[in-house]
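Participant: Quick one: this structure, given as structure tokens, is what I'll be asking you about.
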Amino acid sequence: MIDLTTAQAWAALIVAVGGGALVPTLAKGLTAWLSGAAARERGRNAGLVRQRDDAYARLRTTETERDDAYRKARRYAENASELRGWLLELGITREQIDARAPWPRD
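If you count the sequence shown from 1, position 79 lands on 78 in numbering that gives the first Met the number 0, and the numbers rise without skipping.
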């Protein structure tokens, strides 16, 4: 049986259960907290979160503008196609239409 009254026995027990990795981490965290580095890091992280949220907001705005522009262009294309169809129904030839307003040849 181990005598747990000595510091050496406690150190062996802490290392055996994995506490050896925990102690330096706790010491580092305590040092950062005492020096104020933890507060600076929280402030920096909050700034990054704000930047991310602003970027997402700009992305949503840009996507909405893009979608609106696409719908508007589609309406113009449909209107032009409908007007061209009416002109053809009225007996105006394609050559006459193209002479005044050339149709895109993509």
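Note that the Cβ used here is the ideal one computed from N, Cα and C, for glycine as well. For clarity, every value in this text was computed on a predicted model and none was experimentally measured.
Going by DSSP in three states, Gly90 sits in which element: helix, strand or coil?
Facilitator: It is coil, neither helix nor strand.
Participant: One question on the structure: do Ala38 and Thr30 come within less than 9 Å of each other, judged by their Cβ atoms?
Facilitator: No; because the gap between Cβ atoms is not below 9 Å, this pair is not in contact.
Participant: Roughly how many whole angstroms lie between the Cα atoms of Arg57 and Asp67?
Facilitator: Approximately 15 Å between the Cα atoms of the pair.
Participant: Tell me the DSSP secondary structure of Trp32 in three-state form.
Facilitator: Note: Trp32 maps to helix in three-state DSSP.
Participant: Where do the ends of the alpha helix (DSSP H) carrying Trp9 lie?
Facilitator: Where Trp9 is concerned, the enclosing alpha helix (DSSP H) stretches over 6-15.
Participant: Determine the direct distance from the alpha carbon of Ser34 to that of Arg148, and round the result to whole angstroms.
Facilitator: Here the chain has residues from 0 to 105 only, and residue 148 is not among them.
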